[in-house]
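Colleague:
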Amino acid sequence: MRSVAELEAYMDSQKPDTSPAKLAADYLLVGEEMLENWLVAQERVPTDDKKEGFRILALHRQGCKGEPSFNACRETCRELAYYYNLITMEPGSDEMSSRLAMMDMVAKHLVLFIGNKMMDDQVGEFCCSAKVNRLSSEKLQEQVGVNNG
Amino acid sequence: MTVIIDKPDLKKKYKKVAYYPGCALEGSAIPYDKSTRAIGKELGLELVDVKDWNCCGAMEVKNLDPEVETYLSSRVLSNAKNLNKMDVVMAPCNGCYKNLKQAEHELGHREKSKQVVDKISKKAGHETYEVGDVETIHALDWIKMGYGEDELRKKIKGGLKGLKIANYYGCMYTRPRNIFPEKAPGAGGDDLIKPHYMDDLLAVAGAENVDFALKTACCGGAHTLSDRDMSTKLVLNILEAAEAAGAEVIATECPTCHSGLEMHQIRALKRLSKKTNVKVIYFTQLLGMAMGLSARKVGLNGNISDSRGLMKEKGII
């Protein structure tokens, strides 16, 4: 498993001159390794299971347990699986270059999103992670001394 | 294929709704407010401002005390019900929309939230909010379900023909999923995974919607103060993805996303020397122009992303 920094560097680098299918597999692997990083940082063992034929979807589901905010990258993972299917199942498509470009950007989004979540606990959890803060609200209130009365 | 859902009962119900602009639409998103009111007037949909409305508690309050956040949103709903005597609130801001929805959910599922809200409401001297009194909808629901695509088609004048658009919904229009039961599969609302209401409306207006993979991806809006560089990278990736998909315009329906895209587009150029040309425009502005409203009337000159040249070039204004 490559580190977050290595994965970021890979996404910023010029991609190797290889077949579209190989490149698509690389992008999928980047996504899987980002999710592995997320799980390992929480002292969990990344699953080898697959969901709907993709390990990335099983890893994402595992990553969401106890952390609903992680659902914010569910569609990103699904988009990676979607582009992987398009690229590998239609090798002669006229849209190959645009599909590869899009998969590159989707993978990059996942790297940036998870990378940032790992850096700053609870920062940026304004959107869909309200439940996390809510679950710990009693503890939070103790910490900041907020009293509803 | 676009599935057209026509529910006459909703057309009647949404014809006159309480309008909750929230703080963004009175500040950084004035063009969104202006264009929303303008198209409402044009379509004969009446907006009545929620009386004495307050902040929904979206950002700072939530992190200090989520119960107070629930209270703040519930007060908006209570005012709509008890002061305006309305049973539908329309919130164009994704943050407000999500927060009002969440308050409704919390009050219906969490006894402590109900107790806290009742207690603070009593102390503040106003009627408490009762679950189910008010339905919260987004501006997209308001037009799509309250006016309908067939009727909207008749209102289109110049249209957006030839304009390639990436529809960007941001994170809060569909998340967290449990607070949007009407968007559950089979429920007849918008899609939780690939929302399409904005796509549908702009397609009716003549736009060519591109296949955009990041339509619900995080824009980094909440990181803007804590880690601006990360926000810039996330936004740049969204802008580049839209351009790679062939879009000339990113249509928005969230003021946080919109201002983030606009500001970080400039910052990406300054800090990373990455230039993108895609324009950022609220969907209400696009619909308004398609209906023949002037650029001024929909507040196009108020956007940071200056799209007037492109709109002229396309013959839209």
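Protein sequence lines, in the order shown, are assigned to chains S and H.
Positions 1 to 149 (the numbering used here) are the ones given, in order, by the first sequence.
Positions 1001 to 1317 (the numbering used here) are the ones given, in order, by the second sequence.
Built from N, CA and C at the ideal position, the CB exists for glycine as well.
Listed in chain order, which residues of the stretch 1208-1237 of chain H have Cβ atoms closer than 7 Å to some Cβ of chain S?
Modeller: If the cut-off is 7 Å between Cβ atoms, the stretch 1208-1237 of chain H has 1213, 1214, 1216, 1217, 1218, 1222, 1223, 1226, 1227, 1230, 1233, 1234, 1237 near chain S.
Colleague: Under the criterion of a Cβ to heavy atom distance below 6 Å, does residue 1028 of chain H qualify as lining the ligand GTP?
Modeller: The model depicted lacks the ligand GTP and carries no ligand whatsoever.
Colleague: Is there a Cβ of chain H sitting closer than 7 Å to that of residue 124 of chain S, yes or no?
Modeller: With a pLDDT of only 42 at residue 124 of chain S, under 50, the local geometry of the prediction cannot be trusted, and the value read off the model is given with reservation. Answer yes: the Cβ-Cβ gap between residue 124 of chain S and chain H drops below 7 Å somewhere.
Colleague: Buried or exposed for residue 1362 of chain H, going by 16 or more other Cβ atoms inside 10 Å?
Modeller: Because chain H is modelled from 1001 through 1317, residue 1362 of chain H falls outside the range shown and cannot be assessed.
Colleague: List, in order along the chain, the chain H residues whose C-beta lies closer than 9 Å to that of residue 91 of chain S?
Modeller: Neighbours of residue 91 of chain S on chain H: none; closest Cβ ~19 Å, over 9 Å.
Colleague: Can you pull the chain S neighbours of residue 1248 of chain H, defined as C-beta to C-beta under 8 Å?
Modeller: Going along chain S, no residue has its Cβ under 8 Å from residue 1248 of chain H, so there is no contact; the nearest lies around 16 Å.
Colleague: Please work out which residues of its chain come closer than 7 Å, Cβ to Cβ, to residue 1035 of chain H, disregarding the five sequence neighbours upstream and downstream, and give them in chain order.
Modeller: The residues are 1282, 1284, 1285, 1288, 1298, 1299.
Colleague: Closest Cβ-Cβ distance between residue 1165 of chain H and chain S: below 7 Å?
Modeller: No, residue 1165 of chain H does not count as interfacial toward chain S.
Colleague: Assuming contact is defined by CB atoms lying nearer than 7 Å, are residue 1084 of chain H and residue 1029 of chain H in contact in what I supplied?
Modeller: Not in contact: residue 1084 of chain H and residue 1029 of chain H (Cβ atoms no closer than 7 Å).
Colleague: Going by the beta-carbon positions, is the gap between residue 1246 of chain H and residue 1230 of chain H smaller than 7 Å?
Modeller: Against a cut-off of 7 Å, the Cβ pair of residue 1230 of chain H and residue 1246 of chain H comes out as no contact.
Colleague: Give the secondary structure of residue 1036 of chain H by DSSP, where H, G and I count as helix, E and B as strand, and everything else as coil.
Modeller: Here residue 1036 of chain H sits in helix by DSSP.
Colleague: Under the rule that 16 or more other beta-carbon atoms within 10 Å means buried, what is residue 1305 of chain H, buried or exposed?
Modeller: Classification of residue 1305 of chain H: buried, given that the 10 Å Cβ count is 16 or more.
Colleague: Identify every run of the beta strand (DSSP E) within the stretch 1230-1274 of chain H, keeping only runs that are complete inside it and at least 3 residues long; order them along the chain.
Modeller: Counting only runs of 3 or more, we get 1249-1252.
Colleague: Are there three or more Cβ pairs, one per stretch, closer than 8 Å when the stretch 1040-1054 of chain H is compared with the stretch 1268-1277 of chain H?
Modeller: Judged by Cβ distances under 8 Å, the stretch 1040-1054 of chain H makes no contact with the stretch 1268-1277 of chain H, as fewer than three pairs qualify.
Colleague: Applying a beta-carbon distance threshold of less than 9 Å, which residues of chain H neighbour residue 76 of chain S?
Modeller: Within chain H, the residues near residue 76 of chain S are 1213, 1214, 1216, 1217, 1218.
Colleague: Under the three-state reduction of DSSP, which class applies to residue 1029 of chain H: helix, strand or coil?
Modeller: In the structure shown, residue 1029 of chain H sits in coil (DSSP, three-state: anything other than H, G, I, E or B).
Colleague: Is it right to say residue 60 of chain S is buried, meaning 16 or more other beta carbons lie within 10 angstroms of its own, or is it exposed?
Modeller: Flag for residue 60 of chain S reads buried.
Colleague: When DSSP builds the beta bridges, which residues end up paired with residue 1166 of chain H?
Modeller: Looking at the DSSP assignment, residue 1166 of chain H forms a beta bridge with H:1250.
Colleague: Beta-carbon within less than 8 Å of residue 37 of chain S's beta-carbon, same chain only, minus the 5 sequence neighbours each way: which residues are those?
Modeller: Excluding sequence neighbours, residue 37 of chain S sits near 1, 3, 4, 7, 114, 118.
Colleague: Closer than 7 Å, CB to CB, is residue 109 of chain S near chain H or not?
Modeller: Yes, because at least one Cβ of chain H sits closer than 7 Å to the Cβ of residue 109 of chain S.
Colleague: What three-state label does DSSP hand residue 1135 of chain H in the structure shown?
Modeller: In this structure, residue 1135 of chain H counts as strand in the three-state DSSP scheme.
Colleague: Given that a residue counts as buried once 16 or more other Cβ atoms are within 10 Å of its Cβ, and exposed if not, what is residue 1264 of chain H?
Modeller: Counting Cβ neighbours within 10 Å, residue 1264 of chain H comes out buried, since at least 16 surround it.
Colleague: Between which two residues does the beta strand (DSSP E) carrying residue 21 of chain S extend?
Modeller: Not the beta strand (DSSP E): residue 21 of chain S falls in the alpha helix (DSSP H), residues 20-41.
Colleague: Let me see if you follow: with CB-CB separation under 7 Å, is residue 1137 of chain H close to chain S or not?
Modeller: With 7 Å as the cut-off, residue 1137 of chain H does not count as an interface residue toward chain S.
Colleague: List the residues of chain H that residue 67 of chain S touches, going by C-beta distances under 9 Å, in chain order.
Modeller: Near residue 67 of chain S there are no residues of chain H at all, since even the closest Cβ is about 12 Å away, more than 9 Å.
Colleague: Verify whether the separation of the beta carbon atoms of residue 1174 of chain H and residue 1216 of chain H is less than 7 Å.
Modeller: Yes, the pair counts as a contact, with Cβ atoms nearer than the cut-off.
Colleague: With residue 89 of chain S as the anchor, note down where its beta strand (DSSP E) starts and where it stops.
Modeller: Run containing residue 89 of chain S: none in the beta strand (DSSP E); it sits in the alpha helix (DSSP H), 74-89.
Colleague: Verify the CB distance criterion: does residue 1171 of chain H have a CB-CB separation below 7 Å to chain S?
Modeller: Chain S contact via Cβ: present.
Colleague: Buried or exposed: where does residue 1031 of chain H fall if 16 or more other Cβ atoms within 10 Å of its Cβ makes it buried?
Modeller: Buried.
Colleague: Using only the alpha-carbon positions, how far apart do residue 1170 of chain H and residue 1237 of chain H sit?
Modeller: Computed Cα separation, rounded: 14 Å.
Colleague: Roughly how many angstroms lie between the CA atoms of residue 1233 of chain H and residue 1259 of chain H, to the nearest whole one?
Modeller: The straight-line gap from Cα to Cα measures roughly 15 Å.
Colleague: Please list, in chain order, the chain S residues whose beta carbon lies closer than 7 Å to that of residue 1244 of chain H.
Modeller: Within 7 Å Cβ-Cβ: 98, 101, 102, 105.
Colleague: Per DSSP, what kind of secondary structure is residue 1312 of chain H in: helix, strand or coil?
Modeller: Three-state DSSP puts residue 1312 of chain H in a helix.
Colleague: With a threshold of 7 Å between beta carbons, is residue 7 of chain S in contact with chain H?
Modeller: No - not a single Cβ of chain H is within 7 Å of the one on residue 7 of chain S.
Colleague: Roughly how many whole angstroms lie between the Cα atoms of residue 1146 of chain H and residue 1010 of chain H?
Modeller: Distance between the alpha carbons of residue 1146 of chain H and residue 1010 of chain H is about 6 Å.
Colleague: The beta strand (DSSP E) with residue 1281 of chain H in it runs from where to where?
Modeller: Segment 1279-1282, the beta strand (DSSP E) holding residue 1281 of chain H.
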